[in-house]
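Asks: Before I ask anything, let me first share the structure, which is written out below as structure tokens.
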Amino acid sequence: MRVYYNEWEDYPARWLRNLFPDADVDDRSICDVGEDDVTCYDRVHLFAGIGGWELALELAGWGSDPVWTGSCPCQPFSQCGKKGGTSDERHLWPEMFRLIEAGHPAVIFGEQVAGKRGLEWFDGVRADLESIGYACGMAVLPAACVGAPHKRDRIFWVADLNWVADAAWAARERSIGRSDSGVDHGVTSTSHWSDFGPYKCRDGKVRRVGSGVQPLAARVPGDLDQLSAYGNAIVPQVAAVFVKSYMEASHEAV
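To get the numbering used here, take the position in the sequence shown, counting from 1, and add 4.
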């Protein structure tokens, strides 16, 4: 299986090369990636960060089936950003769509910030993908749904090229991302945070951290790149729930 990662930030790109020595890591801007650069791969991760989507696929039991993923930059649509939206130069969905249109992968997973601006962003994504034959589904899921000690609402979405039955797809979309209490999604994620306890930080706020974890400090050399990489990453356990739900819904709808 040939795997491709595109990540233009130096620190995460080096992280990816250490984690996945057999994969191809391309540290160019996605704007410089040509269509022929990606269409020869079985698995393509755009805006790859530190490889969260690859871990999510592994946790969900995806196997070796071809798939693309991409978490487009959230800054133009985040409540904490400049709120530039589609006029922001960091709005790079058009570049991702350009590569999708050339490669036509069977399945694509993605993620984006939630909220009004994130949902408006997804409306455009859905319209673009449906225009070239994909059916799309999404769910807004918080990190807390897998036991994490924070909320972190995110849009998780999937596009399927081979789904043609509209009525069945509607039922399938409703089932994707369900996180009802007591439902076993096949991803053992709550134990990861089970030993997290309160830690009073110097700013007076109380945060939950793991036993024996030394919190990172802002402005300390060596920590900033790591903080940035973690901050931009998806929560793989949440993405795995979404992927697992899609897989189960796909099987039931066949």
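Backbone N, C-alpha and C define an ideal beta-carbon position, used for all residues, glycine too.
Give me the DSSP bridge partner(s) of residue 239.
Replies: Reading the sequence shown from its first residue, position 235 is the one you call residue 239. Note: residue 239 sits in no beta bridge, so no partner.
Asks: Any idea what DSSP makes of residue 2, helix, strand or coil?
Replies: Lying before the first or after the last residue shown, residue 2 is absent from the chain, which here runs from 5 to 258.
Asks: What separation, rounded to the nearest whole angstrom, lies between the Cα atoms of residue 28 and residue 9?
Replies: As a working note, residue 28 is residue 24 in the sequence shown. As a working note, residue 9 is residue 5 in the sequence shown. Cα-Cα distance, rounded: 6 Å.
Asks: Who are the Cβ neighbours of residue 171 in its own chain at under 6 Å, not counting the five residues just before and after it?
Replies: Here residue 171 corresponds to residue number 167 of the sequence shown, with the count starting at 1. Its pLDDT being 46, under 50, residue 171 is placed unreliably in this model, and the coordinates cannot settle the point.
Asks: Please list the terminal residues of the continuous beta strand (DSSP E) segment that includes residue 142.
Replies: Counting from one through the sequence shown, the residue named residue 142 turns up at place 138. Per DSSP, residue 142 belongs to the beta strand (DSSP E) from 139-145.
Asks: When burial is assigned at 16 or more other CB atoms within 10 Å of the CB, is residue 158 buried or exposed?
Replies: Position 154 of the sequence shown, counted from the first residue, corresponds to residue 158. When all chains shown are included, residue 158 counts as buried.
Asks: Could you spell out the range, first to last residue, of the beta strand (DSSP E) harbouring residue 114?
Replies: Here the question's residue 114 lines up with position 110 in the sequence shown. It spans 111-117 - the beta strand (DSSP E) in which residue 114 sits, taken as one unbroken run.
Asks: Out of 26, 18, 141, 244, point me to the one whose CA is closest to residue 32's CA.
Replies: On the sequence shown, position 28 is the one that residue 32 refers to. Nearest of 26, 18, 141, 244 to residue 32, Cα basis: 18.
Asks: Measure how close the beta-carbons of residue 240 and residue 106 come, nearest whole angstrom, since I'm counting them as under 8 Å.
Replies: Start at 1 with the first residue of the sequence shown, and residue 240 comes out as number 236. Start at 1 with the first residue of the sequence shown, and residue 106 comes out as number 102. Not quite, the Cβ-Cβ distance comes to about 28 Å (not below 8 Å), so this is no contact.
Asks: Could you pull out every residue in the same chain whose Cβ sits closer than 6 Å to the Cβ of residue 112, ignoring the five residues on either side in sequence?
Replies: Residue mapping note: residue 112 aligns to position 108 of the sequence shown, counting from 1. The residues are 72, 163.
Asks: Using only alpha-carbon positions, find the residue among 43, 63, 100 that is nearest to residue 52.
Replies: Taking the sequence shown and counting its residues from 1, the one referred to as residue 52 is at position 48. Closest option to residue 52, Cα to Cα, is 100.
Asks: Which runs of the beta strand (DSSP E) spanning at least 3 residues fall entirely within the region 30-82, listed in chain order?
Replies: 47-50, 71-74
Asks: Between the C-alpha atoms of residue 97 and residue 246, what's the straight-line distance to the nearest angstrom?
Replies: Indexing the sequence shown from 1 puts residue 97 at position 93. Indexing the sequence shown from 1 puts residue 246 at position 242. When rounded, the distance between both Cα atoms is 21 Å.
Asks: Given this structure, state the Cα-to-Cα distance separating residue 272 from residue 144, to the nearest angstrom.
Replies: This structure does not reach residue 272, given that the chain is present from 5 up to 258, and the question cannot be answered.
Asks: On the criterion of 16 or more Cβ atoms from any shown chain inside 10 Å, does residue 154 qualify as buried, or is it exposed?
Replies: Position 150 of the sequence shown, counted from the start, is the residue given in the question as residue 154. With fewer than 16 Cβ atoms within 10 Å of its Cβ, residue 154 is classed as exposed.
Asks: Could you have a look at residue 97 and say whether DSSP puts it in helix, strand or coil?
Replies: For this step, residue 97 is matched to residue 93 along the sequence shown. Residue 97 sits in a helix when the DSSP states are folded into three classes.
Asks: State the CB to CB distance for the pair residue 34 and residue 237, rounded to an integer number of angstroms; the pair is presumed to be in contact (CB under 8 Å).
Replies: As a position in the sequence shown, residue 34 is number 30, starting the count at 1. As a position in the sequence shown, residue 237 is number 233, starting the count at 1. Rounded, the Cβ-Cβ distance is 17 Å, inconsistent with contact.
Asks: In the DSSP output, what is residue 160 paired with across the bridge?
Replies: Here residue 160 is taken as the residue at index 156 of the sequence shown, counted from 1. Bridge partners of residue 160: 115, 143.
Asks: Around the Cβ of residue 244, are there at least 16 other Cβ atoms within 10 angstroms (buried) or fewer (exposed)?
Replies: Locating residue 244 in the sequence shown gives position 240, counting from the first residue. Result: buried.
Asks: Would you call residue 120 buried or exposed, if buried means 16 or more other Cβ atoms sit within 10 Å of its Cβ?
Replies: The residue labelled residue 120 in the question sits at position 116 within the sequence shown. By the 10 Å Cβ count, residue 120 comes out exposed.
Asks: From residue 30 to residue 165, what does the alpha carbon distance come to, in whole angstroms?
Replies: Numbered from its first residue, the sequence shown carries residue 30 at position 26. Numbered from its first residue, the sequence shown carries residue 165 at position 161. Each residue's alpha carbon lies about 26 Å from the other.
Asks: Note down the Cα distance separating residue 43 from residue 104, rounded to an integer number of angstroms.
Replies: For the purposes of this step, residue 43 is taken as the residue at position 39 of the sequence shown. For the purposes of this step, residue 104 is taken as the residue at position 100 of the sequence shown. For the pair residue 43 and residue 104, the Cα-to-Cα distance works out to about 9 Å.
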